């Protein structure tokens, strides 16, 4: 672009240096004022093109910034969802597990197995939280924001699966308790007919 401007300026200078009356046979006579206004128009057009290219570059940078912000927002949403899922896990374990273990219909030898199965899920959840903290607090493996957001989304799905798993286990143990309670009532009913 700068080469085009230089050539244009040189052509203008050449035209200005030629005497106004110099004519040659077969050579047309030009009006220097029209040529100068054309050159000015071309120079102004080159300036506008240069500004347009700068604007395009600026918009490209802004798009990249928006993508980065979008990835950060995705990360925040994923972290918020993971935290909510872990809170649900802990609530289920705190409340429902206590109720299950305190039931007279759970046998003493089952208490350890039930506790271990719930503890395994909680341990997995805590390990995931530690991993997420490492991802967010350091430049873990030189990850981009998009890669970090993808891992967090995966961990969010895993935390949802853990919530579903613990809810299924809780429901299964409640069904067992309910069945044993019903069985106990049937076996110990009075037969006064």
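In mature numbering (1 follows the signal peptide of the UniProt record, and there is no 0), the protein residues as written are -24 to -1, 1 to 169. Where a beta carbon is used, it is the ideal one built from N, C-alpha and C, also for glycine. Source: prediction; values computed, not measured.
| Query | Result |
| --- | --- |
| Measure the alpha-carbon distance for residue 121 versus residue 54 and round it to whole angstroms. | 13 Å |
| Helix, strand or coil for residue 119? Go by DSSP, reduced to three states. | coil |
| Helix, strand or coil for residue 81? Go by DSSP, reduced to three states. | coil |
| Can you find the residues in the same chain that come closer than 6 Å, C-beta to C-beta, to residue 73, ignoring five residues on each side of it along the sequence? | 94 |
| Is it right to say residue 96 is buried, meaning 16 or more other beta carbons lie within 10 angstroms of its own, or is it exposed? | exposed |
| Quick one: Cα of residue 164 to Cα of residue 92, how far? | 32 Å |
| Alpha carbon to alpha carbon, how far is residue 161 from residue 155? Give it in angstroms, no decimals. | 10 Å |
| Can you tell me the Cβ-Cβ gap for residue 76 and residue 153, rounded? I've got them flagged as a contact below 8 Å. | 7 Å |
| Confirm, please, whether the CB-CB distance from residue 51 to residue 126 is below 7 Å. | no |
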